[in-house]
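Accompanying notes for the structure given below.
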Amino acid sequence: MGEYRTTRRTRRPRGALAALMTAGCLLLAACGSGADESSADGSNSARDTERFPAPAPAQPTGPAGTDEGSTPGEQKGEIRESTPPPADYLSTFALDVDTASYGYARRTLADGGRPDPATIRPEEFINSFRQNYERPDGDGFSVTVDGARTDAGGEGDDWRLVRVGLATRPSEDSGERPPAALTFVIDVSGSMAEPGRLDLAQKSLGVMTDELRDDDSVAIVTFSDEAETVLPMTRLGDNRDRVHEAIDTLEPTLSTNLGAGVDTGYATAVEGRREGATNRVVLLSDALANTGETDADAILDRIADARREHGITLFGVGVGSDYGDDLMEQLADKGDGHTTYVSNEDDARTVFVDQLPRNIDLTARDAKAQVAFDPQTVEQFRLIGYDNREVADEDFRNDSVDGGEIGPGHTVTALYAVRTKPGASGHLATATVRWLDPGTRTPHEESAQLESEALNEPLWSRDNARNGLQVTAIAAYFADALRSGDSRWSRLPGAPGLPELSDRADELADTTESEEVRQLAETIEQAGSGVPVGG
Numbered sequence: 126m127g128e129y130r131t132t133r134r135t136r137r138p139r140g141a142l143a144a145l146m147t148a149g150c151l152l153l154a155a156c157g158s159g160a161d162e163s164s165a166d167g168s169n170s171a172r173d174t175e176r177f178p179a180p181a182p183a184q185p186t187g188p189a190g191t192d193e194g195s196t197p198g199e200q201k202g203e204i205r206e207s208t209p210p211p212a213d214y215l216s217t218f219a220l221d222v223d224t225a226s227y228g229y230a231r232r233t234l235a236d237g238g239r240p241d242p243a244t245i246r247p248e249e250f251i252n253s254f255r256q257n258y259e260r261p262d263g264d265g266f267s268v269t270v271d272g273a274r275t276d277a278g279g280e281g282d283d284w285r286l287v288r289v290g291l292a293t294r295p296s297e298d299s300g301e302r303p304p305a306a307l308t309f310v311i312d313v314s315g316s317m318a319e320p321g322r323l324d325l326a327q328k329s330l331g332v333m334t335d336e337l338r339d340d341d342s343v344a345i346v347t348f349s350d351e352a353e354t355v356l357p358m359t360r361l362g363d364n365r366d367r368v369h370e371a372i373d374t375l376e377p378t379l380s381t382n383l384g385a386g387v388d389t390g391y392a393t394a395v396e397g398r399r400e401g402a403t404n405r406v407v408l409l410s411d412a413l414a415n416t417g418e419t420d421a422d423a424i425l426d427r428i429a430d431a432r433r434e435h436g437i438t439l440f441g442v443g444v445g446s447d448y449g450d451d452l453m454e455q456l457a458d459k460g461d462g463h464t465t466y467v468s469n470e471d472d473a474r475t476v477f478v479d480q481l482p483r484n485i486d487l488t489a490r491d492a493k494a495q496v497a498f499d500p501q502t503v504e505q506f507r508l509i510g511y512d513n514r515e516v517a518d519e520d521f522r523n524d525s526v527d528g529g530e531i532g533p534g535h536t537v538t539a540l541y542a543v544r545t546k547p548g549a550s551g552h553l554a555t556a557t558v559r560w561l562d563p564g565t566r567t568p569h570e571e572s573a574q575l576e577s578e579a580l581n582e583p584l585w586s587r588d589n590a591r592n593g594l595q596v597t598a599i600a601a602y603f604a605d606a607l608r609s610g611d612s613r614w615s616r617l618p619g620a621p622g623l624p625e626l627s628d629r630a631d632e633l634a635d636t637t638e639s640e641e642v643r644q645l646a647e648t649i650e651q652a653g654s655g656v657p658v659g660g
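Just add 125 to wherever you are in the sequence shown, counting from 1, and you've got the working numbering.
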């Protein structure tokens with residue numbers, strides 16, 4: 126569990142994942158130790174008169190004289206005159222739309238197992254439930270900031286949940302996106318012989334091939350102990366039968382040289398690269414690398430030119446009851462892409478058909494968010510999850526620092542546990558998202574404000590069932606319980622035990638008529654009882 130931030134702390138990039146998880150396992154009881162330190166009390170001079178904005182850019186990010194007629198959220202040429210908040214009250218992270226952690230946890234629990242706490246990433250649980258945020262009129266993001274009272278300590282308690290929601294405009298139809306040039310890198314190692322691995326990958330690819338447009342292109346690379354290009358980049362058009370035939374001939378063979386697969390996959394993608402198309406590598410694997418290079422950094426260093434010069438991103442699709450979650454997640458993050466996990470044909474259809482436009486096209490590159498909390502109203506805060514997506518606060522507007530790649534129709538949610546100061550009123554936080562246009566790399570920003578008075582509604586009120594805040598909280602509480610090593614309890618403020626959390630999810634499923642929320646309720650119930658769902 127991450128620490129609650131009060132004073133004297135500046136964000137820095139994290140190291141290895143093991144260090145991240147170790148640093149994230151502090152007990153809640155120890156989180157408030159710095160609440161009375163002098164820098165929090167001495168921050169009044171840093172307060173703007175009415176608003177507490179994110180830090181102004183150090184220099185103009187657009188040409189002088191371009192203020193008039195700028196698009197919403199675009200950086201103006203004039204430096205904004207505002208006082209930046211103390212570093213202790215800033216939270217900066219790269220956007221993330223991965224969902225593999227939740228999918229793999231569901232599969233593990235359904236099989237009667239217990240997820241390894243190291244594989245639990247709360248932001249991936251939270252972002253598995255898309256929200257109905259207001260959408261922007263054009264390209265870029267809308268920003269929604271809201272929250273609720275947790276009543277963690279009863280009447281008059283000062284803990285709140287604050288939700289930052291970001292959304293992009295969906296494509297109206299598949300014809301709106303540019304053509305896709307997709308290189309599928311498929312694991313055919315011996316471990317993929319297990320039902321639900323290679324066979325599911327083949328079905329998934331078959332479905333996707335039928336749903337792609339005639340002007341899209343597909344290449345297929347397979348890997349076991351070595352890698353092979355089975356199908357060079359091929360325009361679909363009248364060639365769908367040829368693609369299906371290549372998919373149907375795949376068979377599991379030897380060991381897993383994932384490094385060779387990614388290397389050959391990117392070489393094939395570069396050779397078949399189409400100007401004006403979205404060029405992407407799609408890796409389907411259980412990520413159980415046991416031959417050749419197995420380190421994510423080393424694998425991706427070998428194909429760095431393809432990523433940087435040609436803008437080819439990596440989309441990882443995990444399969445299998447035994448799954449190399451850590452390696453796949455690192456590959457996707459470092460490959461400027463994202464991951465998901467499929468355990469059955471319904472999951473595969475959701476990913477490859479329903480979510481296809483969001484998985485192929487890009488709306489924003491290097492997207493980052495920064496939340497500036499007001500020291501006049503906030504005593505402590507903690508970002509739930511995003512442990513390995515943190516960005517140094519001073520790098521928020523450093524566009525050479527990697528962020529997240531986001532497609533059309535995506536929503537991104539971040540949840541904070543916030544302890545307000547007694548009797549706090551007025552401005553509480555400003556949330557800002559910054560991104561680069563995928564084509565021109567022009568920077569843009571959009572912001573939203575939150576007032577303390579907007580957080581007085583109880584979390585479990587009817588309004589918060591309708592606006593999606595409750596499912597966000599339930600997913601976060603559940604993830605934190607699994608990550609704590611004691612899956613019966615979350616250590617977040619206001620967290621109910623798993624039986625009550627399951628009941629809350631059931632009630633919410635009835636209210637929203639959401640099958641996804643119903644599945645969440647069943648998964649929570651299974652985690653509490655130890656009985657596989659449906660068993």
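All C-beta atoms in this analysis are idealised placements derived from N, C-alpha and C, irrespective of residue type, glycine included.
So, does the CB of residue i fall closer than 9 Å to a CB anywhere in chain C?
i      : result
Val310 : The structure shown contains no chain C; it is built from a single protein chain.
Determine the contact status of residue i and residue j, defining contact as a CB-CB distance below 9 Å.
i      : j      : result
Val537 : Arg507 : no
Pro242 : Gly610 : yes
Ala292 : Gln327 : no
Thr464 : Ala473 : no
Ala494 : Val407 : no
Tyr214 : Phe498 : yes
Leu580 : Ala556 : no
Val287 : Asp271 : yes
Ala646 : Ala620 : no
Asp450 : Tyr229 : yes
Ala563 : Gly436 : Sequence inspection shows Pro at residue 563; the Ala mentioned does not correspond to that position. Taking 9 Å as the Cβ cut-off, Pro563 and Gly436 qualify as a contacting pair.
Ala431 : Val395 : yes
Val467 : Val442 : yes
Asp486 : Arg231 : no
Arg113 : Asp335 : As displayed, the chain neither begins before 126 nor continues past 660, which places residue 113 out of reach and without an answer.
Val596 : Phe254 : yes
With DSSP as the reference, label residue i as helix, strand or coil.
i      : result
Ser577 : helix
Gln505 : strand
Glu570 : strand
Asn513 : helix
Asp486 : coil
Ser446 : coil
Gln644 : helix
Ile531 : strand
Gln651 : helix
Asn589 : helix
Tyr602 : helix
Ser410 : strand
Glu332 : Strictly speaking, residue 332 in this sequence is Val, with Glu absent from that position. Note: Val332 maps to helix in three-state DSSP.
Lys493 : strand
Ser296 : coil
Arg559 : strand
Leu553 : strand
Ile424 : helix
Tyr391 : helix
Ile437 : coil
Asp271 : strand
Pro182 : Low per-residue confidence applies at Pro182: pLDDT is 46, beneath 50, and the placement is therefore not dependable enough to give any value.
Sorted by chain position, which residues of the same chain lie with C-beta nearer than 8 Å to residue i's C-beta, five sequence neighbours on each side aside?
i      : result
Gly445 : Ser316, Met317, Glu319, Gly321, Arg322, Asp411, Leu413
Ser577 : Thr502, Thr545, Ala549, Ser550, Gly551, His552, Leu553
Arg399 : Pro304, Ala306, Ser342, Met358
Thr374 : Val355
Below 8 Å, is the gap between the Cβ of residue i and the nearest heavy atom of the ligand COA?
i      : result
Ala517 : With respect to the ligand COA, the structure shown offers nothing to examine, as it has no ligands at all.
Once the 5 residues before and after residue i are set aside, which same chain residues still bring their CB inside 6 Å of it?
i      : result
Glu353 : Thr347
Glu248 : Asp221, Gly510, Tyr511
Ala489 : Ile531, Trp560
Only counting the same chain, and skipping five residues up and downstream in sequence, which positions put a Cβ closer than 7 Å to that of residue i?
i      : result
Asp350 : Leu379, Ser380, Asn382, Thr416
Arg137 : Reliability of the predicted coordinates at Arg137 is poor, the pLDDT of 38 falling under 50, and no value is obtained from them.
Leu330 : Phe309, Ile372
Asp491 : Asp524, Asp527, Gly528, Trp560, Leu561
**Prompt:** Between the region 380 to 395 and the region 424 to 433, do three or more beta carbon pairs fall short of 8 Å?
**Reply:** Remark: three or more beta-carbon pairs, one from each stretch, lie closer than 8 Å, so the region 380 to 395 and the region 424 to 433 are flagged as touching.
**Asked** Three or more C-beta pairs closer than 8 Å, one from the region 367 to 381 and one from the region 305 to 313: is that the case here?
**Response** Enough Cβ pairs lie closer than 8 Å, so yes.
**Request:** Take every Cβ of the region 519 to 531, pair it with every Cβ of the region 219 to 231, and state whether three or more of those distances are shorter than 8 Å.
**Result:** The region 219 to 231 and the region 519 to 531 touch, with three or more beta-carbon pairs separated by less than 8 Å.
**Prompt:** Which full runs of the beta strand (DSSP E) of 3+ residues lie inside the region 339 to 385, going along the chain?
**Reply:** Listed in chain order, they are 342 to 348, 352 to 360.
**Request:** Pair every Cβ in the region 627 to 642 with every Cβ in the region 570 to 590, then say whether three or more of these pairs are closer than 8 Å.
**Result:** Three or more beta-carbon pairs drawn from the region 627 to 642 and the region 570 to 590 are found closer than 8 Å, and the two stretches are therefore classed as touching.
**Request:** Report yes or no: do three or more beta-carbon pairs, one from the region 325 to 344 and one from the region 356 to 369, lie closer than 8 Å?
**Result:** Touching, yes.
**Prompt:** Should the region 566 to 574 be regarded as contacting the region 253 to 270, the criterion being three or more beta carbon pairs within less than 8 Å?
**Reply:** As far as the Cβ criterion goes, the region 566 to 574 touches the region 253 to 270, which means the pair count is three or higher.
**Prompt:** How do the region 543 to 553 and the region 497 to 507 stand: do at least 3 beta-carbon pairs fall below 8 Å, yes or no?
**Reply:** Yes, since at least three Cβ pairs between the region 543 to 553 and the region 497 to 507 fall closer than 8 Å, the two stretches touch.
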